[in-house]
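Participant: Let me begin by handing over the structure; questions about it come next.
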Ligand code: OAD
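Residue numbers (the numbering used here): -6 to 247.
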């Protein structure tokens, strides 16, 4: 059992507002590869940064769709892990808890988290690439007909944010407001390579929040953190919520 620093538990137990930002590391223990992990099999020759772009889609929509179909398959087989579940518990312990995720896999919601701010969209949704309207998929998006908009015939695309695209306005504004008012900011399983998500911790820290990083490896932002929990989220987060509960901080579920 991991021992949590007393100071950290005191800060969390006394916090009114806590924001957690997750990256693909939290889903690693569910079997979903992290964003920058080497791709496997057929996809080993491609870098995700070269597929998740509007340019790649314009050049070769079928290739980009095939990659998303593969990723959707991985996610469909995955189950939320102890890290996702611990964040559901944390939301019950802290009155002003906000969960922001860069992940598109929907595993937080499947674990039971509510009001999740999806910074980069969700791979489970599909929209028209021309009109941006969300489309209910009636055919598998593995063949050509299932990848075309039933209204206008344009290519459909996953409702995710690609490199170079804007973050959805509501997600951006809500996440920045939450970061700014945070007493504690948790950075979980993210490598801090992509802005504006990475600026959330900087903003929180500048506004006086205590930053906690949960990651088995150091990141370019580790120096922002008051506490480094060097280990997998599926171990560190349950240890954190257990310590919080033992400290008597658990409140009735909201
Ligand atoms: P990365 O793949 O860049 O980073 C994953 C991080 O998770 C690394 O720092 C790992 O050390 C850490 N990690 C690995 N296993 C872990 C575990 N079990 N528990 C905790 N941490 C673990 O992925 P992201 O930071 O999520 O955006 O990438 C952020 C964004 O970059 C993605 O949302 C995506 C990409 O660009 C877009 O597609 C717009």
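Cβ coordinates follow ideal geometry from the N, Cα and C atoms, glycine included.
(1) In terms of alpha-carbon separation, which member of 44, 102, 79 lies closest to residue 68?
(2) Ordered along the chain, which non-local residues of its own chain (more than five positions away) have a Cβ less than 8 Å from that of residue 183?
(3) With DSSP run on the structure shown, which of helix, strand or coil describes residue 245?
(4) Would you mind listing the beta strand (DSSP E) stretches within the segment 59 to 138 that are 3+ residues and don't spill past its ends, in chain order?
(5) In this structure, how does DSSP classify residue 153 when only helix, strand and coil are distinguished?
(6) So, for residue 197: in the same chain, excluding its five sequence neighbours on each side, which residues have a beta-carbon less than 8 Å away from its beta-carbon?
(7) To which residues of the same chain is residue 230 closer than 6 Å at the C-beta, ignoring the five residues directly before and after it?
(8) Looking only at C-alpha atoms, which of 219, -4, 93, 119 sits nearest to residue 166?
(9) Taking its Cβ as the centre, do 16 or more other Cβ atoms sit within 10 Å of residue 51, making it buried, or is it exposed?
(10) In chain order, which continuous runs of the beta strand (DSSP E) of length 3 or greater are located wholly inside the segment 142 to 230?
(11) Sort 147, 30, 158 by Cα distance to residue 128 and report the nearest one.
Facilitator: Looking at the coordinates:
(1) 102
(2) 14, 15, 16, 17, 18, 95, 190, 191, 208, 212
(3) Confidence in residue 245 is poor, its pLDDT being 41 and thus under 50, which makes the residue's placement too unreliable to answer from.
(4) 89 to 94, 114 to 121
(5) strand
(6) Excluding residues up to 5 positions away in sequence, 12, 172, 173, 175, 178, 204 lie with their Cβ nearer than 8 Å to the Cβ of residue 197 in the same chain.
(7) 76, 79
(8) 93
(9) exposed
(10) 149 to 153, 177 to 181, 203 to 207, 220 to 222
(11) 147
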